[in-house]
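There are 2 protein chains.
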Amino acid sequence: MEKTAAVTALAALAQDNRLDVFRLLVQAGPEGMPAGAVATALDLAPNTLTFHFDRLRTAGLVTVRRDGRSMIYAAQFDKMTSLLGFLTENCCGGAPCAPAVECKPARKRTKVPA
Amino acid sequence: MEKTAAVTALAALAQDNRLDVFRLLVQAGPEGMPAGAVATALDLAPNTLTFHFDRLRTAGLVTVRRDGRSMIYAAQFDKMTSLLGFLTENCCGGAPCAPAVECKPARKRTKVPA
DNA sequence: ATAACATTTCAACAAACATCGAAATATTGC
DNA sequence: GCAATATTTCGATGTTTGTTGAAATGTTAT
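Note that the protein sequences, when read in sequence, are chains A and B.
Just so we're aligned: 72 in our numbering is position 78 of the first sequence, and the numbers increase by one with no gaps anywhere.
Just so we're aligned: 101 in our numbering is position 107 of the second sequence, and the numbers increase by one with no gaps anywhere.
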């Protein structure tokens, strides 16, 4: 990962609402969830949310696909992994002081347990 | 680590010059290096640099101590480690999908090899 | 005490950011 | 086609950010 990409990704995560959004998407798993669901879960105005989604998407941390009238946003685990990689890679002067880190969904989630 | 602290740390790293500064300090090792040396290495105005140091320090990513008329800045490896921990911890819905990451200086550096 | 050096503080300013309200765009069902 | 739903786009606005120049502070040497 290039430094510019890292800065963009870090900036995308360096905001309260956006960090919440991203973490919610991470927990939602690779299938993602519709924008409206995120909006209600985090109590954010839909247009504000779009703004933040855009930032996350530009950073490559999130992808979108349309499903009917809903837009389904999903976390991009690969990008998260490479960001972590970049941070640890440039840690310790390039010497491998940390084990490889990978961030991928633990398992497929069906529904949130009541 | 709390979310607020994470956001602050991420914001501190989410800027070109600051990421450079931090990485330089990381490579300098736990003994750190004087502000002036960082200024020349990265070609930054001293007051601008102070501004960025402040941000890093507020985020807990850096510490200062005075040595004569120089201010020695050093990376705070622990903080970096806990930031990485926070990011991986909240990855995958709390399930441990990634091995523990630690970021500490590889070894003591004497001088940069020519 | 004075001069030189290293760094910080202060005030100012353009640029980017986060949020809001209103209007526009797509999609579905009638 | 028309109304309803889901989301985005646009314009405006207050806030934060990054940089600069000038002045102030602290430290060392003479």
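From the three backbone atoms N, C-alpha and C, an ideal C-beta is built for every residue, glycine too.
Annotated as proximal: V1/B and L13/A, with beta-carbon spacing under 8 Å.
One Cα belongs to F71/B, the other to P99/B, and the distance between them is close to 8 Å. The three-state reading of DSSP puts A68/A in strand, counting E and B together. In this structure, the CA atom of G30/A is about 17 Å from the CA atom of R49/A.
Remark: C-beta atoms of A8/A and L4/B approach each other more closely than 8 Å. Chain B places a beta carbon closer than 8 Å to that of R17/A, counting this residue as a contact. Non-local C-beta neighbours of A35/A in its own chain, meaning closer than 7 Å and more than five positions away in sequence, comprise L18, ordered along the chain. Under the three-state reduction of DSSP output, D14/A falls in the helix class. In the three-state reduction of the DSSP assignment, R49/A falls in the helix class, which pools H, G and I.
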